[in-house]
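Residue numbers (the numbering used here): 407 to 852.
Cβ atoms here follow ideal geometry from the backbone N, Cα and C, with glycine treated the same way.
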């Protein structure tokens with residue numbers, strides 16, 4: 407229909423149809439997209455978001471058809487176009503999902519590798535918005551083609567453990583966890599950061615959607631008193647997404663919160679969050695994180711010892727021994743917060759809890775528990791509880807195998823393992839590192 411149409415006329419028609427509210431016009435715009443020349447396409451790249459957000463199946467299927475054509479004509483556009491296809495592999499109608507997956511599966515693997523490498527490099531950025539966008543792209547890629555993220559695992563682990571932004575930690579952990587304990591909806595709620603590359607702290611006032619505004623406030627490095635007061639209004643919101651964003655943002659800016667409370671005596675944050683800490687809703691990983699954020703905020707506003715004991719005995723102990731490892735991790739994090747109060751009564755209670763539980767089993771569940779648990783023991787000064795078998799990488803069978811070796815043979819084995827660190831596969835090096843650690847434990851035992 408449009409094959410003989412002049413390229414300038416095509417661009418004009420696209421501009422006309424894309425502004426229409428009629429799905430038939432939007433469908434025509436989606437068809438024309440694949441016929442635009444490279445310059446016209448570059449000038450209208452951001453308009454793809456409008457088509458990709460349309461709920462009509464005809465619009466989406468025609469958009470995907472055009473993207474498939476564009477990827478064949480202009481392979482270098484893959485970095486900007488593929489993410490729109492990946493979004494549809496998960497959050498769309500069945501037909502759209504299947505077509506999106508077919509497109510992804512037909513792409514040269516090197517193209518997807520390059521996409522992942524590009525966004526993986528962004529994880530080192532000091533700009534939270536840039537890191538968030540990179541995590542979202544990697545998250546969408548992981549849902550349909552997780553194999554491409556193999557070399558991103560070290561960076562994702564680093565962010566999940568050490569990022570100052572709780573939101574970025576949640577995102578990275580969700581990807582590592584394959585969204586088993588953190589709902590996929592979180593990535594859907596945040597995809598506006600990809601679709602609106604200009605979304606940042608500078609256009610906060612132009613954003614009317616509450617959730618988006620709270621996301622932007624969370625990713626800002628600094629917030630004002632007025633912005634903090636705005637966030638406080640939603641700390642106990644019925645929508646857990648709103649409450650969570652508010653809580654983790656306040657947790658990030660505790661110093662400002664303290665100063666605000668001192669200057670405004672009518673601010674009673676204690677009352678606002680006290681009830682939330684004792685709610686007996688069914689525990690989920692998100693609720694555990696929310697409770698941890700509430701707890702950290704409340705503790706920094708000077709909680710009394712009796713309240714701390716009640717929380718440890720009733721809530722935190724339950725978190726610590728929960729079968730869901732993320733909830734268990736937040737239990738460790740809460741105990742770390744209590745230890746930092748330097749209260750002897752609380753520390754003795756925490757030590758008693760650790761001694762009465764199978765600490766090794768809790769400790770070795772995963773890297774989050776291991777590092778948080780190690781920090782807890784160091785904070786308590788209980789180095790006597792740090793024995794080799796508590797290590798999450800402890801392998802009893804391998805320890806026995808090394809134990810049967812002569813000293814000279816064990817040294818030879820150690821040197822052979824060291825040589826394997828030259829392997830380019832980081833996951834292989836990681837496994838060799840675990841074996842080296844066990845080998846070293848054997849030497850110590852000898």
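Answer yes if the region 679-695 comes into contact with the region 616-633, meaning at least three C-beta pairs across the two stretches below 8 angstroms, and no otherwise. Output reads no: the region 679-695 does not touch the region 616-633.
Flag this pair as yes or no: are the beta carbons of residue 786 and residue 745 separated by less than 7 angstroms? Cβ distance < 7 angstroms, so residue 786 and residue 745 count as in contact.
Once the 5 residues before and after residue 489 are set aside, which same chain residues still bring their CB inside 7 angstroms of it? The beta carbon of residue 489 sits closer than 7 angstroms to those of 543, 546 and 600, all from its chain and outside the five residues before and after it, given in chain order.
State the DSSP-derived secondary structure class of residue 560, mapped to helix, strand or coil. The answer is helix: DSSP assigns residue 560 an H, G or I state.
Where residue 588 falls: helix, strand or coil (DSSP): Residue 588: coil per DSSP, three-state reduction.
Kindly indicate which three-state DSSP category residue 554 falls into: helix, strand or coil? Here DSSP, grouped into helix, strand and coil, assigns residue 554 to helix.
Our contact map puts residue 576 next to residue 695 with C-beta atoms below 8 angstroms; I'd like the distance itself, whole angstroms only. With a Cβ gap of about 7 angstroms, residue 576 and residue 695 count as contacting.
For the alpha helix (DSSP H) holding residue 516, just list the boundary residues, first then last. 515-528 is the extent of the alpha helix (DSSP H) around residue 516.
Pick out the complete alpha helix (DSSP H) segments inside the region 613-651, 4 residues or longer, and give them in chain order. Taken in chain order, the unbroken stretches of alpha helix (DSSP H) that lie wholly in the region 613-651 and span 4 residues or more are 616-625 and 631-638.
Give the DSSP-derived three-state secondary structure of residue 409 in the structure shown. Three-state DSSP puts residue 409 in coil, outside helix and strand.
Taking the alpha-carbon positions, what's the residue 747 to residue 731 distance? Cα atoms of residue 747 and residue 731: separation of roughly 25 angstroms, rounded to the nearest angstrom.
For the putative contact between residue 573 and residue 609, defined by C-beta atoms under 8 angstroms, what is the C-beta separation to the nearest angstrom? Not a contact, Cβ separation roughly 18 angstroms.
For the region 714-778, list the alpha helix (DSSP H) runs that are entirely contained and at least 4 residues long, ordered along the chain. Correct list: 723-726, 731-745, 750-762 and 765-769.
Excluding the 5 residues flanking residue 507 on each side, which residues of the same chain have their C-beta closer than 8 angstroms to its C-beta? Within its own chain, the residues whose Cβ lies closer than 8 angstroms to the Cβ of residue 507, once the five positions on either side in sequence are excluded, are 495 and 550, listed in chain order.
Mind reading off the beta-carbon distance from residue 424 to residue 417? Whole number of angstroms is fine, and I expect it under 8 angstroms. Contact between residue 424 and residue 417 is absent: CB atoms are separated by about 11 angstroms, not below the 8 angstroms threshold.
Report, in whole angstroms, the separation of the C-beta atoms of residue 676 and residue 704, which I expect to be a contact under 8 angstroms. Rounded, the Cβ-Cβ distance is 6 angstroms, consistent with contact.
For residue 470, collect the residues of the same chain with a Cβ closer than 8 angstroms to its Cβ; drop the 5 residues on either side in sequence, then sort them by chain order. 491, 494, 502, 505, 506 and 509, listed in sequence order.
Whether residue 680 touches residue 739 by CB criterion (7 angstroms): Not a contact, by the Cβ cut-off of 7 angstroms.
Ignore the nearest five residues each way along the sequence and tell me which others in residue 513's own chain have a CB closer than 8 angstroms to its CB. Excluding positions up to five away in sequence, the list reads 477, 484 and 488.
Counting C-beta neighbours from all protein chains within 10 Å, is the total for residue 524 16 or more, i.e. buried, or is it exposed? So residue 524 ends up on the exposed side.
Nearest candidate by alpha-carbon position, reference residue 646, set 839, 775 and 589: Looking at the Cα atoms, 589 is the closest of the given residues.
Relative to the alpha-carbon of residue 459, which residue among 481, 413 and 598 has its alpha-carbon at the smallest distance? Ranked by how close their Cα comes to the Cα of residue 459, the residues 481, 413 and 598 have 598 in first place.
Can the beta-carbon of residue 465 be found closer than 7 angstroms to that of residue 433? Taking 7 angstroms as the Cβ cut-off, residue 465 and residue 433 qualify as a contacting pair.
State yes or no: is the C-beta of residue 578 within less than 7 angstroms of the C-beta of residue 566? Taking 7 angstroms as the Cβ cut-off, residue 578 and residue 566 qualify as a contacting pair.
Are the Cβ atoms of residue 716 and residue 700 separated by less than 7 angstroms? Going by C-beta atoms, residue 716 is not nearer than 7 angstroms to residue 700.
Nearest-angstrom Cα distance between residue 824 and residue 538? Roughly 36 angstroms separates the two Cα atoms.
N- and C-terminal bounds of the alpha helix (DSSP H) containing residue 429: Looking at the DSSP string, the run of the alpha helix (DSSP H) that includes residue 429 is 429-439.
Within the same chain, show all residues whose beta-carbon is closer than 8 angstroms to that of residue 582, passing over the 5 residues directly before and after it, in chain order. Closer than 8 angstroms at Cβ, skipping near neighbours: 559, 562, 563 and 566.
Verify whether the separation of the beta carbon atoms of residue 443 and residue 413 is less than 7 angstroms. The criterion of a C-beta distance shorter than 7 angstroms is satisfied by residue 443 and residue 413.
For a test of the three-state rule: what should DSSP assign to residue 451, helix, strand or coil? DSSP places residue 451 in helix when its eight states are reduced to three.
Is it the case that the Cβ atoms of residue 737 and residue 752 are separated by a distance below 7 angstroms? By the CB criterion at 7 angstroms, residue 737 and residue 752 fall outside the cutoff.
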